[in-house]
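*Asks:* Each residue of the sequence shown is one higher than the last, beginning at 0 in numbering that gives the first Met the number 0.
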Amino acid sequence: MIVCVYCTAVADTHAAWSDVFRLFTGESSQSTSSALTNSEMINGLKEALSNGTQSAINNLGRTDGFFKNPKVRIPMPESLEKVEKALRKLKQDKTADEFILSMNRAAEQAVPEAASIFSDTIRSMSFDNAKSILQGPDDAATQYFRRSSKDRLTEKMLPIVKTSTSAVGITAKYKHMLDKMGPLSSLVDTKSLDIDQYITNKALDGLFKMVAEEEKLIRNDPAARTTTLLKKVFGT
Numbered sequence: 000m001i002v003c004v005y006c007t008a009v010a011d012t013h014a015a016w017s018d019v020f021r022l023f024t025g026e027s028s029q030s031t032s033s034a035l036t037n038s039e040m041i042n043g044l045k046e047a048l049s050n051g052t053q054s055a056i057n058n059l060g061r062t063d064g065f066f067k068n069p070k071v072r073i074p075m076p077e078s079l080e081k082v083e084k085a086l087r088k089l090k091q092d093k094t095a096d097e098f099i100l101s102m103n104r105a106a107e108q109a110v111p112e113a114a115s116i117f118s119d120t121i122r123s124m125s126f127d128n129a130k131s132i133l134q135g136p137d138d139a140a141t142q143y144f145r146r147s148s149k150d151r152l153t154e155k156m157l158p159i160v161k162t163s164t165s166a167v168g169i170t171a172k173y174k175h176m177l178d179k180m181g182p183l184s185s186l187v188d189t190k191s192l193d194i195d196q197y198i199t200n201k202a203l204d205g206l207f208k209m210v211a212e213e214e215k216l217i218r219n220d221p222a223a224r225t226t227t228l229l230k231k232v233f234g235t
């Protein structure tokens, strides 16, 4: 997990990242090139991404990791927004809140499954991949993860979500929520909603969002570079 500490002097972090890119493209000075090998550069990037992804997973894969983080909190599915609104008008806030909580709990339990897939993706990253990431925007690595691992993440996390939703009784909560609606529940299209898939998709969206924040932090904040190699590659 990335540990941020306060520094007495803050370097020009954008320049530091640019220096690394110049090393990849062969535009650096002889002294800089000799001080930092291609192996150190790619290993430094992999270490940074490994730290960032693990931090995101640690933060989300714990109790309230999703539920109490407004950036990633999983809301009521769009197809059930009218149900939520009606329940709250009927003073049945607790019923709606319990259902929302159960979805977030399922996501929190599933996210740790992403660790091994992120590790595999980072391990298999080529020099060209690394160069493209360094040349790209602040979320270039996150985009790379999304392209290369989203399908595998879905495949890995969906069964955990299904197990979690069963354990927390989300189906029973869903039925209870509709029962509270009375005759109005007949107006809800319950067949088109796959709650397990919805939770998995939202969990992945939240995970990628937090990975992007960690990536931006490593690019721009010297305090996030906590090892000798990271400081050597990205600057101090």
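Backbone N, C-alpha and C fix where the C-beta goes; we use that ideal spot for every residue, glycine too. All values derive from a computational prediction rather than experimental measurement.
1) Just to confirm the assignment, what range does the alpha helix (DSSP H) spanning VAL210 have?
2) Could you give the first and the last residue of the continuous alpha helix (DSSP H) run that contains THR120?
3) Determine the contact status of LYS149 and LEU203, defining contact as a CB-CB distance below 8 Å.
4) Hey, how far is the Cα of ASP92 from the Cα of LEU86?
5) Check whether the Cβ atoms of LEU59 and MET156 sit closer than 8 Å, and answer yes or no.
6) Compute the Euclidean distance between the alpha carbons of ILE73 and SER125, then round it to the nearest angstrom.
7) How many angstroms separate the CA atom of VAL71 from the CA atom of ILE198?
8) Using a Cβ distance threshold of 8 Å, determine whether the region 125-134 contacts the region 95-114, with at least three qualifying pairs required.
9) Does the structure place the region 110-128 close enough to the region 73-84 that three or more beta carbon pairs sit under 8 Å?
10) Only counting the same chain, and skipping five residues up and downstream in sequence, which positions put a Cβ closer than 7 Å to that of LEU152?
11) Tell me the residue span of the alpha helix (DSSP H) that contains LEU59.
12) Just the Cα atoms here: how many angstroms apart are LYS201 and VAL82?
13) LYS215 to ALA47, Cα distance in whole Å?
14) What is the residue span of the alpha helix (DSSP H) that GLU97 lies within?
*Replies:* Checking against the coordinates, here is how it stands:
1) 194-219
2) 113-122
3) Closer than 8 Å, so yes.
4) 6 Å
5) no
6) 34 Å
7) Spanning the two alpha carbons is a distance of roughly 12 Å.
8) With a cut-off of 8 Å, the region 95-114 and the region 125-134 do not count as touching, because too few Cβ pairs lie within range.
9) Too few Cβ pairs lie closer than 8 Å, so no.
10) ALA113, ILE116, LEU203
11) 37-59
12) 20 Å
13) Spanning the two alpha carbons is a distance of roughly 11 Å.
14) Per DSSP, GLU97 belongs to the alpha helix (DSSP H) from 92-109.
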